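S.K.: Okay, so the sequence shown: first residue is 1 according to this note's numbering, each after it adds one. Idealized CB from N, CA, C, for every residue including glycine. Since we're looking at a predicted model, the values are computed, not measured.
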Amino acid sequence: MTLLRVENLAIDLVRDGHRHRLVHDASFSVERGETLAVVGESGSGKSLSALAVIGLISEGLEVAGGTIHFDGRDLSALDAEEMRGLRGSDIAMIFQEPMTSLNPVRSIGAQLTEGMRLKLGLSRREARERAVGLLTEVGISDPEARLLQYPHQISGGMRQRVMIAIALACQPKLILADEPTTALDVTIQGQILELIARLCKEHGVGLVLITHNLGIVARYSQNVCVMYGGRVVETAPAAELYVHPLHPYTRGLLASVPRLSQARGTGLVPIEGAPPDPMEVIPGCRFHPRCPMATEECSAKVPVARHAGAHMVACWNAELAEPEMA
Ligand SMILES: Nc1ncnc2c1ncn2[C@@H]1O[C@H](COP(=O)(O)OP(=O)(O)O)[C@@H](O)[C@H]1O
Ligand SMILES: [Mg+2]
Numbered sequence: 001m002t003l004l005r006v007e008n009l010a011i012d013l014v015r016d017g018h019r020h021r022l023v024h025d026a027s028f029s030v031e032r033g034e035t036l037a038v039v040g041e042s043g044s045g046k047s048l049s050a051l052a053v054i055g056l057i058s059e060g061l062e063v064a065g066g067t068i069h070f071d072g073r074d075l076s077a078l079d080a081e082e083m084r085g086l087r088g089s090d091i092a093m094i095f096q097e098p099m100t101s102l103n104p105v106r107s108i109g110a111q112l113t114e115g116m117r118l119k120l121g122l123s124r125r126e127a128r129e130r131a132v133g134l135l136t137e138v139g140i141s142d143p144e145a146r147l148l149q150y151p152h153q154i155s156g157g158m159r160q161r162v163m164i165a166i167a168l169a170c171q172p173k174l175i176l177a178d179e180p181t182t183a184l185d186v187t188i189q190g191q192i193l194e195l196i197a198r199l200c201k202e203h204g205v206g207l208v209l210i211t212h213n214l215g216i217v218a219r220y221s222q223n224v225c226v227m228y229g230g231r232v233v234e235t236a237p238a239a240e241l242y243v244h245p246l247h248p249y250t251r252g253l254l255a256s257v258p259r260l261s262q263a264r265g266t267g268l269v270p271i272e273g274a275p276p277d278p279m280e281v282i283p284g285c286r287f288h289p290r291c292p293m294a295t296e297e298c299s300a301k302v303p304v305a306r307h308a309g310a311h312m313v314a315c316w317n318a319e320l321a322e323p324e325m326a
């Protein structure tokens with residue numbers, strides 16, 4: 001059974017009685033123990049979609065449509081209390097900036113063990129032992145000493161490792177990691193992404209990995225979901241997407257990021273133009289003003305997502321992309 005299935009999710013900004021759609025008709029799913037990478041430029045709706053899953057979208061925003069099923073349950077049927085119960089136990093989150101998620105005045109040990117004692121019912125000693133084990137797993141040396149330290153006493157990379165340990169602490173079924181390495185030095189970003197993906201796999205945890213790092217994503221995710229302007233434009237198995245991207249936006253993204261197989265800095269072609277302002281009304285496909293393949297149809301009608309082999313793609317001209325890619 002699929003662990004997480006989001007179907008036709010719509011999120012609206014409601015202000016002064018006006019409604020403006022920020023996320024349109026988004027569908028994606030995560031299998032047990034597998035990784036779904038969610039990629040797309042800033043403002044494409046990645047974070048909102050993830051936050052909607054755990055009922056954490058901010059005030060003024062509203063889930064206006066769609067369904068979210070997690071572990072056989074319809075999450076829209078849960079009340080606020082039940083949602084809170086789910087967060088930090090069955091579903092954990094790792095955010096971009098660990099300093100804002102960690103409490104600066106509590107020791108790492110206290111923050112790591114509190115959930116385990118509360119949600120897993122472990123004794124102080126059991127929780128401490130599990131904490132030491134988890135810190136070791138995330139690559140932190142001298143874990144006993146670290147438990148006594150405070151977040152500001154360790155580096156950004158170490159803090160993000162602690163966040164990963166906290167996320168795993170209560171044996172979640174799903175982890176949502178929202179650009180977990182953006183605040184870190186580029187040299188360790190890859191290491192941390194690899195660590196998250198590897199540990200989730202080893203622990204059988206489903207992972208939604210929101211990231212810009214398409215190169216890394218290829219190696220660690222089973223499926224990729226590409227978002228643009230509040231819509232999912234393409235989803236496909238990672239191995240397939242990298243070889244045969246169908247949506248012109250996916251192709252643009254791939255051409256604009258360094259690939260593992262590519263010498264550094266060669267052949268990178270940025271996508272022209274900028275992502276749309278979410279408040280802007282764009283008729284038809286939201287990508288058409290930037291799309292090299294756009295036809296009249298693209299500016300008139302919103303493309304319907306449809307199956308194309310192992311892909312789901314929302315583009316009127318996706319077939320045209322195929323022969324060139326072969
Ligand atoms: N609380 C909010 N109020 C108004 N607009 C918002 C709010 N949160 C997000 N948005 C808008 O919704 C769009 C999608 O946001 P987000 O999901 O954070 O994008 P991403 O994570 O892909 O960068 C953005 O253009 C953003 O400006
Ligand atoms: Mg975001």
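In chain order, what residues of the same chain lie with their CB nearer than 6 Å to the CB of A326, ignoring the 5 residues before and after it?
M.R.: Since pLDDT at A326 reaches only 37, below the 50 mark, its modelled position is unreliable, and no value is offered.
S.K.: Quick one: does the C-beta of S76 sit closer than 7 Å to a heavy atom of ligand 2?
M.R.: No - ligand 2 has no heavy atom lying nearer than 7 Å to the Cβ of S76.
S.K.: Taking 7 Å as the cut-off, is the C-beta of S89 nearer than that to any heavy atom in ligand 2?
M.R.: The closest heavy atom of ligand 2 lies 7 Å or more from the beta carbon of S89.
S.K.: State the DSSP-derived secondary structure class of C225, mapped to helix, strand or coil.
M.R.: strand
S.K.: Could you please give the first and the last residue of the uninterrupted alpha helix (DSSP H) stretch that includes P143?
M.R.: 143-147
S.K.: Flag this pair as touching only if the stretch 77-90 and the stretch 148-158 have three or more C-beta atom pairs under 8 Å; answer yes or no.
M.R.: no
S.K.: To the nearest angstrom, report how far apart L195 and S29 are at their CA atoms.
M.R.: 22 Å
S.K.: My guess is that A37 and V217 are in contact by the Cβ rule of under 8 Å, so how many angstroms apart are they, rounded?
M.R.: 4 Å
S.K.: With burial defined as no fewer than 16 other Cβ atoms inside 10 Å of the residue's Cβ, what is the status of L147: buried or exposed?
M.R.: Buried, since its Cβ has 16 or more Cβ neighbours within 10 Å.
S.K.: Using 8 Å as the cut-off, can you tell me whether the stretch 111-120 makes contact with the stretch 166-178, which would need three or more C-beta pairs spanning the two stretches below that distance?
M.R.: yes
S.K.: Consider the C-beta atom of D178 and the heavy atoms of ligand 2; say whether any pair is separated by less than 7 Å.
M.R.: yes
S.K.: Just to check, is the beta-carbon of K46 closer than 7 Å to a non-hydrogen atom of ligand 2?
M.R.: yes
S.K.: Ignore the nearest five residues each way along the sequence and tell me which others in G139's own chain have a CB closer than 7 Å to its CB.
M.R.: R161, L195
S.K.: What separation, rounded to the nearest whole angstrom, lies between the Cα atoms of E272 and A239?
M.R.: Note on geometry: alpha-carbon atoms of E272 and A239 lie some 26 Å from one another.
S.K.: Counting only the same chain and skipping the five closest in sequence on each side, list residues whose C-beta sits under 6 Å from that of D12.
M.R.: Closer than 6 Å at Cβ, skipping near neighbours: R19, R21, E62, A64.
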